Each structure stands twice: as C-alpha cells, then as structure tokens.
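Below is one structure, written out as structure tokens; comments come after it.
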Ligand SMILES: Cc1ncc(COP(=O)(O)O)c(C=O)c1O
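In the working numbering, the protein residues as written are 86 to 426.
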C-alpha cells in the first residue's frame, strides 16, 4: 500500500517503501510509510484519473486531513496578523476562519445574482496587501460553480499577487469534471493550491483524509504547519479501497445528480429563491424564516437539516441529497413547512 500511495501521489514508483527515499515528498512518504504496511496494493493505479501522476517531482503533495491543510494555509497566509484573504461571502469557512484566528484581514465579496461566487468582484478586491485568495468550486453552501474559463483567468491573475486556493472538495460530483478541474494551473507553474478530500464523493467524512497540491515551497511550508495533519491508518486503508474501486465514482455521480436535481425542482416548485445549477451534494435556498426556526419545523416533521447559517443568508438553508425514500420524506416536510412560510 505504501508504494501505491507514493506512486499515486508522486508517480515515483521507485520510492523506497520503508523509508520513502526517492519519493519527491518526504511528507507523503513519511505518512504513508509510517501508517501502512499492505504491500499487496503496490501495483495499484493512480490516485485519480487526472493529472497527479504527471507531476513527477515538480510538485510536493501533502496528504492529511484537508482541514489541517486548510488551517495550515490559513496560518501561513495570515502572516502573523499582517495577511489578507480575499474570498466570497457564503463559502466554506475553513480558510476564512483560520485566517481570522491568526488575526489577519478577511475581505468577502457578495454573491452574483445567481447566488454564485463573483470572481470579478473578488478580482477587484485584490491589492498589494492580499496574501491569498480562496475559491471553493463547486461552492459550499451554494452548490454552484464558476465558469471554468473565468476561474482559470482569475487564478492566473490572482496568483501573480498571492497564492490562489481552489477547493475542489466536491469536484468529482459535478457534471463535467474534465472541463472544471484546475490542476493544470499548477503544471503550468502558477501559484495555486488545490485542495481535495475523501470526505465527499467517497463518503469518508470523519476519516480526516484529503490532500493538497501546491508548489513545492508552499507545500513544504504547509507541511511544517500541518504537523502531519492527524492522518490515521483506517483512513488510509479506506482511501486505498476507494481508489481501487474504479467503478465507484462513475456509479455515484448520477445518483448525486438525480438527487440534487430533484431537490432543486422541489424548492423551485415551491417558489423559493434558490442558488442556480447545483453541482455538489446539496441545494441552497431561501426559506423565509430564520434558518434555526426552519430546522426546528423540519425536525418536527421527522427531517433533520443542517441548522447552519451563513452571514447575510440567515433565512436560507442548505439541504443535502439522500436516498429516494429520504427525499420523499423531505419533500413532504418541505411542502408543509414552506407552505406556511
Ligand atoms: C469545501 C469543503 N472542503 C473541505 C471540507 C471538509 O473536508 P475534510 O472532511 O477532509 O476536512 C468540506 C466539508 O464540509 C467542504 O465543504
């Protein structure tokens, strides 16, 4: 297994499985070799079907809980309180929260009319004070994506000032992975960080396993800050099993798609404002009452929804797709609760 992960992440199949010698990333090697021992998986294929294997030695990838990676990124770009992050409102809190914890400035831009991330607005906020930008794509909680041509142009421009973090936690769920994946920016040498996790399409939330891909200098700094990120043996075993199951991702994609489209149509049918074109595992929409009141009413109908709210969107909620029977029950509850809103 150790050899397989090393080759998956680095394409260096000749790395020494005991001490990691020869692997481009000492961190991957350390974690993998420290926590695994199953040599039977040594011949396994690459981590994903995308370009990771092509990066041979030009990049240092760091494996660990993605939260640890984001926190490390936040700590670094916070620059001891002197840094500044530019991101969107209503996005995943990981990096923004970490930046604030380290006393740096957080600049957020409003959503577009379609309730998506506004890259133009973000670009307009970048200045010589900016130490990073963060784009979650598909975005959590809105579920929609930015235009890939625009994102590419934005990242290239933003990276001239400071590292641009593109969070691809949900990317495997979207309709067109190939058109939206941004890893090529790294191969071209731009100062971009890509974040991935096994928590979403692979359903491994709680196992704390994900990876970041960055330019070697930044990855090394992040490696120092994550202090190995709390990777555990069970998570690695589960990740390896997930990667070996080549049919899994293509089998799950249509299920997520059918679920989010059904949910989207339900809330649209109820006349709610809803974030356009959901591409992840949830739908974000307006409920006409404080999020907490909505969650309580849904609970009374036997449906638990995330009671979280995002600044400026207190009367909105995010509901995740489930099995058909769960969506049946959710639909019935939504019709009752929102009819009164
Ligand atoms: C955009 C995004 N990135 C990352 C994560 C979490 O990843 P992990 O479970 O690997 O910490 C989440 C979880 O909700 C998320 O929404």
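Just so you know, even glycine gets a beta-carbon here, dropped at the ideal spot from N, CA and C. Note that the coordinates shown come from a computational prediction; the quantities given were computed from them, not determined experimentally.
Helix, strand or coil at residue i according to DSSP, with G and I counted as helix
{"i": "residue 365", "result": "coil"}
{"i": "residue 57", "result": "With the chain covering 86 to 426 only, the question about residue 57 has no answer from this structure."}
{"i": "residue 143", "result": "Note that residue 143 has pLDDT 32, beneath the 50 cutoff, so the model's placement of it is unreliable and no number is given."}
{"i": "residue 227", "result": "coil"}
{"i": "residue 266", "result": "coil"}
{"i": "residue 355", "result": "coil"}
{"i": "residue 417", "result": "helix"}
{"i": "residue 246", "result": "helix"}
{"i": "residue 371", "result": "strand"}
{"i": "residue 410", "result": "helix"}
{"i": "residue 170", "result": "strand"}
{"i": "residue 190", "result": "strand"}
{"i": "residue 199", "result": "coil"}
{"i": "residue 290", "result": "coil"}
{"i": "residue 136", "result": "With a pLDDT of only 35 at residue 136, under 50, the local geometry of the prediction cannot be trusted, and no value is derived from it."}
{"i": "residue 154", "result": "helix"}
{"i": "residue 390", "result": "coil"}
{"i": "residue 316", "result": "coil"}
{"i": "residue 160", "result": "helix"}
{"i": "residue 205", "result": "helix"}
{"i": "residue 222", "result": "coil"}
{"i": "residue 211", "result": "coil"}
{"i": "residue 349", "result": "helix"}
{"i": "residue 275", "result": "coil"}
{"i": "residue 122", "result": "Bear in mind that a pLDDT of 32 at residue 122, under 50, signals an unreliable position, so the model cannot answer this."}
{"i": "residue 360", "result": "coil"}
{"i": "residue 175", "result": "coil"}
{"i": "residue 331", "result": "coil"}
{"i": "residue 285", "result": "coil"}
{"i": "residue 92", "result": "Because the pLDDT of residue 92 is 42, which lies under 50, any placement of that residue in the model is unreliable, and the number read from its coordinates should be weighed accordingly. Here residue 92 sits in helix by DSSP."}
{"i": "residue 321", "result": "helix"}
Integer-rounded CB distance, given that residue j should sit under 8 Å from residue i
{"i": "residue 209", "j": "residue 195", "result": "Going by Cβ atoms, the distance from residue 209 to residue 195 rounds to 12 Å, so no, they are not a contact pair."}
{"i": "residue 215", "j": "residue 238", "result": "Not quite, the Cβ-Cβ distance comes to about 17 Å (not below 8 Å), so this is no contact."}
{"i": "residue 297", "j": "residue 290", "result": "Residue 297 to residue 290, Cβ: 17 Å. No contact."}
{"i": "residue 397", "j": "residue 202", "result": "Not confirmed; about 14 Å, so no contact."}
{"i": "residue 286", "j": "residue 267", "result": "With a Cβ gap of about 17 Å, residue 286 and residue 267 do not count as contacting."}
{"i": "residue 377", "j": "residue 387", "result": "That belief does not hold up - the Cβ atoms of residue 377 and residue 387 are roughly 18 Å apart, past 8 Å."}
{"i": "residue 281", "j": "residue 316", "result": "Between residue 316 and residue 281 the Cβ distance is about 14 Å, and since that is not below 8 Å, they are no contact."}
{"i": "residue 219", "j": "residue 170", "result": "6 Å"}
{"i": "residue 192", "j": "residue 307", "result": "Not quite, the Cβ-Cβ distance comes to about 22 Å (not below 8 Å), so this is no contact."}
{"i": "residue 400", "j": "residue 373", "result": "6 Å"}
{"i": "residue 177", "j": "residue 223", "result": "No, residue 177 and residue 223 are not in contact; Cβ-Cβ is about 10 Å, not under 8 Å."}
Proximity test, Cβ basis, 8 Å: residue i and chain D
{"i": "residue 278", "result": "Within the model displayed, chain D is absent; a lone protein chain is all it includes."}
Beta-bridge partners of residue i, as assigned by DSSP
{"i": "residue 280", "result": "252, 297"}
{"i": "residue 395", "result": "398"}
{"i": "residue 404", "result": "368"}
{"i": "residue 217", "result": "170, 248"}
Stretch pair the stretch 225-232 + the stretch 157-167: three plus CB contacts closer than 8 Å: no
The stretch 368-376 touching the stretch 251-265, judged by at least three CB pairs closer than 8 Å: no
Stretch-stretch touch, CB-based, cutoff 8 Å, three pairs: the stretch 351-358 with the stretch 276-284: no
Touch test, the stretch 376-383 against the stretch 327-340, Cβ-Cβ under 8 Å, three pairs minimum: no
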